[in-house]
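One structure below.
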Amino acid sequence: DVKVTQSSRYLVKRTGEKVFLECVQDMDHENMFWYRQDPGLGLRLIYFSYDVKMKEKGDIPEGYSVSREKKERFSLILESASTNQTSMYLCATYSWPLEAFFGQGTRLTVV
Amino acid sequence: DQQVKQNSPSLSVQEGRISILNCDYTNSMFDYFLWYKKYPAEGPTFLISISSIKDKNEDGRFTVFLNKSAKHLSLHIVPSQPGDSAVYFCAASEDNQGGKLIFGQGTELSVKP
């Protein structure tokens, strides 16, 4: 059973803080993805990675960075949190054929 | 520019009737399409998929139809059950993009008992 675990379900951070969202998968997959979900906008891809130390920008990378030091762990970093980054963040990994396994999500509120 | 569009933000259906969720796309290079279901406070879960070489795929109460010429796909749920109430996302991918999925905005389905 694929398990994708996100470290926090709910987070409240202040504007300007550096925020780390952690994601761990136990399926030995090479690929990992970070999305954010906003009402009316669906899931939008922020960053993804196909290998350790490798990262690719998604559709909305501005204001974010990522870290992939180990295969099972993919971290999303908000360098200086802003209120427009209040959202639901979802981490995912895929089996073929593109059956995505998502974490439970992190609801981030920036005040 | 939204490459995958779900133009209905919400849909309400009576239990036992058919639910039809629609999705349109603009990128003719997409060749794999998926539907995901999401309950509040949970991550999306995979529901059903279809390759562009097919026009229909069925799995129990769920059927996905693909009309490539119209760049349109739909998800049919028959019969609808209250437990089907959730947000449904369609997603699409190009074969050479290595798993990068483009999602629609989602449609919230409410099945009334």
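Listed in order, the protein sequences are those of chains A and B. Counting from 1 along the first sequence, just add 1364 to a position and that's the residue number in our numbering. Counting from 1 along the second sequence, just add 89 to a position and that's the residue number in our numbering. Cβ atoms here follow ideal geometry from the backbone N, Cα and C, with glycine treated the same way.
Buried/exposed call for Met1418/A, threshold 16 Cβ in 10 Å: exposed
Taking Cβ positions only, does Gly132/B come closer than 8 Å to chain A? yes
Helix, strand or coil at Asp120/B according to DSSP, with G and I counted as helix: coil
Which residue's Cα is closest to the Cα of Lys1476/A: Cys1387/A, Glu1381/A and Val1376/A? Any property of residue 1476/A remains undetermined from this structure, which presents chain A solely from 1365 to 1475.
Gln194/B: contacting residues in chain A (beta-carbon distance under 8 Å): Gly1404, Leu1405 and Gly1406
Exposed unless 16 or more other CB atoms sit within 10 angstroms - verdict on Lys127/B: buried
Is it buried or exposed, Gly1404/A, if we count other Cβ atoms within 10 angstroms and call 16 or more buried? exposed
Simplified DSSP assignment, three categories, for Asn156/B: strand
Please list the segments of the beta strand (DSSP E) lying wholly inside the stretch 1414 to 1453 of chain A, counting only runs of 3 or more residues, in order along the chain. 1428 to 1434 and 1437 to 1442
First and last residue of the beta strand (DSSP E) that includes Gln1401/A? Met1396 to Asp1402
Would you mind working out which of Gly1422/A, Met1391/A, Lys1377/A and Ser1451/A sits nearest Gln1401/A, comparing C-alpha positions? Ser1451/A
Consult DSSP for Asp173/B and reduce its assignment to one of helix, strand or coil. helix
Give me the chain B residues within the contact set of Gly1467/A, using Cβ-Cβ distance strictly less than 7 Å, ordered along the chain. Gly132
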